[in-house]
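Each residue of the sequence shown is one higher than the one before, starting from 1 at the first, in full-length UniProt numbering.
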Amino acid sequence: MSIISKLLTKTDIEKGLLISFGVFPVPFEGGRFFNITAIDETGKAWDFRCFFLQSEGIVSIGWLQFLIGKDVRAGDMVFLHRKSMDGGDGSTVKIEVKRKIRLLGQDIWAVLH
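Put into structure tokens, the structure is as follows:
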């Protein structure tokens with residue numbers, strides 16, 4: 001089940017991923033910071049330090065390393081999915097990035113590895 005999908009912008013790539021975090025738990029009353037562990041398609045865990053900015057949140061620390069490790073670019077789509085095996089607090093998700101490519105005259109979204 002996809003909980004977040006976003007077409008990445010230049011700002012997302014250069015500064016941090018700005019998305020709505022209403023689906024993630026707040027660690028404590030009035031908390032501004034929390035962590036997300038994202039598992040990619042290879043099984044590698046990526047730790048993202050996040051903070052709230054009004055009603056939205058920014059994934060900051062760890063995000064840029066993920067972008068470099070996956071060769072993610074503006075125009076790619078990022079998806080965060082709930083992990084069905086996650087019995088914890090919901091802070092572990094599956095992350096997937098897709099890039100639009102043209103194949104035999106058709107646009108398709110291919111998963112980045």
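Note that CB positions come from ideal geometry on N, CA and C, so glycine has one too.
- In the DSSP annotation of this structure, D40 is not part of any alpha helix (DSSP H), being labelled neither H nor E.
- Its chain contains R49 as the residues whose beta carbon lies nearer than 6 Å to that of I61, once the 5 sequence neighbours on both sides are disregarded; these appear in chain order.
- Per the C-alpha coordinates, the member of L53, L112 and S20 positioned closest to I101 is L112.
- Membership of K100 in the beta strand (DSSP E) is indicated by the continuous run T92 to L103.
- If you look at D107, you'll find it in the beta strand (DSSP E) that goes Q106 to V111.
- The DSSP-derived three-state label of K15 is coil.
- With respect to L7, D76 sits close: the two C-beta atoms are nearer than 9 Å.
- For G57, the enclosing beta strand (DSSP E) has its first and last residue at E56 to I61.
- The straight-line gap separating the alpha-carbon atoms of W63 and A45 is approximately 12 Å.
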